[in-house]
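*Asks:* Take any residue in the sequence shown, count from 1 to its spot, add 16: that is its number in this note's numbering.
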Amino acid sequence: MKILIIDNDESLRYMLTEFCKHAQWDSDTAENGREGIEKFKSGEYDVILVDYHMPEMDGLQTVREIRKQNEYIPILVLTVDERQEIADRFLEEGATDFALKPVKAPDLISRIKLHAQIANMKNVQEEEEDVFTAKGISKGTLQSIANFLKENREPYSVDVISKKIGLAYPTVYRYLMHLLEEGKVKQVVSHQKIGRPKKLYKWYTH
Numbered sequence: 017m018k019i020l021i022i023d024n025d026e027s028l029r030y031m032l033t034e035f036c037k038h039a040q041w042d043s044d045t046a047e048n049g050r051e052g053i054e055k056f057k058s059g060e061y062d063v064i065l066v067d068y069h070m071p072e073m074d075g076l077q078t079v080r081e082i083r084k085q086n087e088y089i090p091i092l093v094l095t096v097d098e099r100q101e102i103a104d105r106f107l108e109e110g111a112t113d114f115a116l117k118p119v120k121a122p123d124l125i126s127r128i129k130l131h132a133q134i135a136n137m138k139n140v141q142e143e144e145e146d147v148f149t150a151k152g153i154s155k156g157t158l159q160s161i162a163n164f165l166k167e168n169r170e171p172y173s174v175d176v177i178s179k180k181i182g183l184a185y186p187t188v189y190r191y192l193m194h195l196l197e198e199g200k201v202k203q204v205v206s207h208q209k210i211g212r213p214k215k216l217y218k219w220y221t222h
């Protein structure tokens, strides 16, 4: 597997390269978005890691440009910014997932593995994917969430599902909304003793 690392922080590029070596993957690095896009066009990569805050061309612009070239490759965004609106903007541009800095090796390696597997499944099922891609839905990711809910019958919050299967909160929420529309998932409102009622989701058994 080959990873493209796009980050203007030299120490972070080095650390991410070491993560890749530890996982026995090849990696290339780029200091900014422009250089990253040039490398992406001329190389063969399985996953891309993109920093959000970069001079010249930030992570959002970089993700947008890469998505114009390739709609399937997993793009993981590295950021210290936890705001929901930032996550939403990245999802709109086509980001696959997020890793909050400081990045931990086990978490990042498992996310990369997961998204590479999903991307491989996508390539195999490309024809079936057309309908899903139009909605920005990946069949592999959908299957991961559906399988979790089928295996665990009790209702769960988006936060818990996100942690259990290692996908970003915004991603899980978007896919649950899709499953809700399809009538595959049921929303349950749990009334807490303190605070607002919590929305939980479970697989809908007819």
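Just so you know, even glycine gets a beta-carbon here, dropped at the ideal spot from N, CA and C.
Work out the CA separation of R169 and L107 for me, nearest whole Å.
*Replies:* The residue labelled residue 107 in the question sits at position 91 within the sequence shown. The residue labelled residue 169 in the question sits at position 153 within the sequence shown. Straight-line Cα distance between these residues: approximately 29 Å.
*Asks:* Can you look up Y217 in the DSSP assignment and give me helix, strand or coil?
*Replies:* Here residue 217 corresponds to residue number 201 of the sequence shown, with the count starting at 1. Strand.
*Asks:* Based on the DSSP output, what are the partners of T2 in its beta bridges?
*Replies:* One cannot answer for residue 2 here, as it falls past the ends of the chain, which runs 17 to 222.
*Asks:* Going by Cα to Cα distance, which pick from E34, V66 and W41 is closest to E47?
*Replies:* Counting from 1 along the sequence shown, the entry for residue 47 is found at position 31. The shortest Cα separation from E47 among E34, V66 and W41 belongs to V66.
*Asks:* When the Cα atoms are used, what is the spatial distance from G49 to T112?
*Replies:* The sequence position of residue 49 within the sequence shown is 33, counting from 1. The sequence position of residue 112 within the sequence shown is 96, counting from 1. Cα to Cα, the separation comes out at about 17 Å.
*Asks:* Out of curiosity, what's the CA-to-CA distance linking K166 and D25?
*Replies:* Taking the sequence shown and counting its residues from 1, one reaches residue 166 at position 150. Taking the sequence shown and counting its residues from 1, one reaches residue 25 at position 9. Distance between the alpha carbons of K166 and D25 is about 42 Å.
*Asks:* Per DSSP, which one or two residues make a beta bridge with A115?
*Replies:* Against the sequence shown, residue 115 aligns to sequence position 99. Paired residue(s): L94.
*Asks:* So, helix, strand or coil for S126, using DSSP?
*Replies:* The count along the sequence shown starts at 1 and reaches residue 126 at position 110. DSSP places S126 in helix when its eight states are reduced to three.
*Asks:* Using a Cβ distance threshold of 8 Å, determine whether the segment 69–83 contacts the segment 27–34, with at least three qualifying pairs required.
*Replies:* Taking 8 Å as the limit for Cβ pairs, the verdict is that the segment 27–34 does not touch the segment 69–83.
*Asks:* Curious, which full-length alpha helix (DSSP H) runs of at least 4 residues does the segment 51–98 contain?
*Replies:* Listed in chain order, they are 75–85.
*Asks:* I need the straight-line Cα distance from G59 to W41, nearest angstrom please.
*Replies:* Along the sequence shown, one-based indexing puts residue 59 at 43. Along the sequence shown, one-based indexing puts residue 41 at 25. Each residue's alpha carbon lies about 15 Å from the other.
*Asks:* Under DSSP, the beta strand (DSSP E) around S173 begins and ends at which residues?
*Replies:* Locating residue 173 in the sequence shown gives position 157, counting from the first residue. From DSSP, S173 is part of no beta strand (DSSP E); its letter is neither H nor E.
*Asks:* Hey, out of N136, Y172, Q85 and P118, whose CA is closest to K155's CA?
*Replies:* The residue labelled residue 155 in the question sits at position 139 within the sequence shown. It is N136 whose Cα lies nearest to the Cα of K155.
*Asks:* Tell me which residues share the same chain as T45 and place their Cβ nearer than 7 Å to its Cβ, disregarding the 5 neighbours each side in the sequence.
*Replies:* If you number the sequence shown from 1, residue 45 lands on position 29. Excluding positions up to five away in sequence, the list reads I21, R29 and T33.
*Asks:* Express the C-alpha separation of K117 and P90 in angstroms, rounding to a whole number.
*Replies:* Counting from one through the sequence shown, the residue named residue 90 turns up at place 74. Counting from one through the sequence shown, the residue named residue 117 turns up at place 101. Answer to the nearest angstrom: the Cα atoms are 18 Å apart.
*Asks:* Of the residues F56, S27, Q85 and M17, which one's Cα is nearest the Cα of H38?
*Replies:* Your numbering for residue 38 matches position 22 in the sequence shown. H38 has its Cα closest to that of M17, out of F56, S27, Q85 and M17.
*Asks:* With a CB to CB cut of under 6 Å and the five nearest residues on each side skipped, what residues in its chain are close to H223?
*Replies:* Missing from the structure shown is residue 223; the chain here goes from 17 to 222 and no further.
*Asks:* What residue from L124, Y220 and E101 has the CA that sits closest to K163's CA?
*Replies:* For this step, residue 163 is matched to residue 147 along the sequence shown. For the record, residue 163 in the displayed sequence is Asn; it is not Lys. Selected option, being the one with the closest Cα: Y220.
*Asks:* Mapping the DSSP letters down to three states, classify E143 as helix, strand or coil.
*Replies:* For the purposes of this step, residue 143 is taken as the residue at position 127 of the sequence shown. Reliability fails at E143, whose pLDDT of 48 lies under 50, so the model's placement of it is uncertain and the value that follows must be treated cautiously. Helix at E143.
*Asks:* Please classify G199 as buried or exposed, where buried requires at least 16 neighbouring CB atoms within 10 angstroms.
*Replies:* Here the question's residue 199 lines up with position 183 in the sequence shown. Under this definition G199 is an exposed residue.
*Asks:* Tell whether a beta-carbon distance below 9 Å holds between Q100 and P186.
*Replies:* Here residue 100 is taken as the residue at index 84 of the sequence shown, counted from 1. Here residue 186 is taken as the residue at index 170 of the sequence shown, counted from 1. In contact: Q100 and P186 (Cβ atoms closer than 9 Å).
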